[in-house]
């Protein structure tokens, strides 16, 4: 059995392709919402739709005949990846990482030198908050709700706008943190360059914060839309994880599987 740790568009694609080849698979995602998306596409496949820590991952490996782990989790799910790597080594299971190509590739190839001045790379949320405190104007956060509280603590809350998934759990977190409804953009992407540009203009955004989530999922269009409106772009770098085996080409990965 192949365990696909998903949570990304690519994870769903890998699972669907293997299921069509009649491979025995199990797929895990961290939310019920992610599980519902998978169930629309996959039949007769075991799907786990909750967050897993090291202990619960270990129980899964003991319970099911896992022979291979495909880690297609989000580039910033570093703790999940580290746990999977450790458990694969401990249980002598093959581990393969699918890693989305970095935004640095896009910026290097497609962005003119004079526009790169609008892009600032930072190591973490704290560095992003520090950079934003040196600037003025409204800020659009586009990295989910996990670190929203850090921005609300570190910045004038009237500056903060957050584009988030329109699910009850996320909206409730925004309410609990005190972010006004008028500063919450509840919508599901991916979004076009034109839509991003229009959003930034409509709310008079001066700075956009994102993660290096890769060239898929609408991040490319987000960057291009921000550049067209001369908005400052702050990109939080990926965490440093040493993967024992990595693929960034989907076709090559599928041949391996």
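Numbering (my numbering), first residue to last: 1 to 257. No residue lacks a Cβ here, since even glycine has one placed at the ideal position from N, Cα and C.
From the DSSP output, in three-state form, read off residue 327 for me. Look at the range of the chain in this structure, 1 to 257, and you will see that residue 327 is not part of it.
Can you tell me whether residue 64 is buried or exposed? The criterion is at least 16 other CB atoms within 10 Å of its CB, across all chains shown. Under the 10 Å beta carbon count, residue 64 is surrounded by fewer than 16 other beta carbons and is classified as exposed.
Across the region 67-75 and the region 96-106, are there enough close Cβ pairs to call them in contact, namely three or more that are closer than 8 Å? Yes, since at least three Cβ pairs between the region 67-75 and the region 96-106 fall closer than 8 Å, the two stretches touch.
Just curious, the alpha helix (DSSP H) that residue 57 is in, first and last residue? Here the alpha helix (DSSP H) through residue 57 covers 54-63.
Provide the residue span of the beta strand (DSSP E) that contains residue 139, from first to last. Here the beta strand (DSSP E) through residue 139 covers 138-141.
Where does residue 26 fall in DSSP's three states? Correct three-state label for residue 26: strand.
List, from N- to C-terminal side, the alpha helix (DSSP H) runs of 4 residues or more that fit wholly inside the region 186-255. With a minimum length of 4 residues, the continuous alpha helix (DSSP H) runs that stay inside the region 186-255 are 193-202, 219-228.
Could you tell me whether the region 77-87 touches the region 236-250, using the rule of 3 or more Cβ pairs below 8 Å? With a cut-off of 8 Å, the region 236-250 and the region 77-87 count as touching, because enough Cβ pairs lie within range.
From 112, 85, 103, 226, pick the residue whose C-alpha is nearest to that of residue 245; which is it? Ranking 112, 85, 103, 226 by Cα distance to residue 245 puts 85 first.
If you run the structure through DSSP and keep just helix, strand and coil, what is residue 94? Here DSSP, grouped into helix, strand and coil, assigns residue 94 to strand.
Could you tell me whether the region 161-178 touches the region 132-149, using the rule of 3 or more Cβ pairs below 8 Å? Inter-segment contact for the region 161-178 and the region 132-149 is present: three or more beta-carbon pairs are separated by less than 8 Å.
Taking the alpha-carbon positions, what's the residue 36 to residue 113 distance? If you take the alpha carbons of residue 36 and residue 113, they lie about 43 Å apart.
If we ignore side chains and look at the alpha-carbon of each, how far apart do residue 130 and residue 180 end up? Distance between the alpha carbons of residue 130 and residue 180: 23 Å.
Let's test the definition: count the other Cβ atoms within 10 Å of the Cβ of residue 137 and tell me whether it reaches 16, buried, or not, exposed. Counting the other CB atoms within 10 Å of its CB gives residue 137 a total below 16, which places it among the exposed residues.
According to the Cβ coordinates, are residue 42 and residue 19 closer than 8 Å? Cβ distance < 8 Å, so residue 42 and residue 19 count as in contact.
Would the region 179-193 count as touching the region 106-123 if we require 3 or more Cβ pairs under 8 Å? Counting C-beta pairs closer than 8 Å gives fewer than three between the region 179-193 and the region 106-123, which falls short of the contact rule.
Where the beta strand (DSSP E) through residue 120 begins and ends: First-last of the beta strand (DSSP E) with residue 120: 119-122.
CB-CB length for residue 118 against residue 222, believed under 8 Å: In this structure residue 118 is not in contact with residue 222, their Cβ atoms being roughly 13 Å apart against a cut-off of 8 Å.
Using a Cβ-Cβ cut-off of 7 Å (strictly less than) and excluding sequence neighbours within five positions of residue 220, which residues of its own chain qualify? Counting only Cβ-Cβ distances below 7 Å, and skipping sequence neighbours, we find 106.
Tell me, which residues are paired with residue 159 by DSSP? According to DSSP, residue pairing for residue 159 in a beta bridge does not occur.
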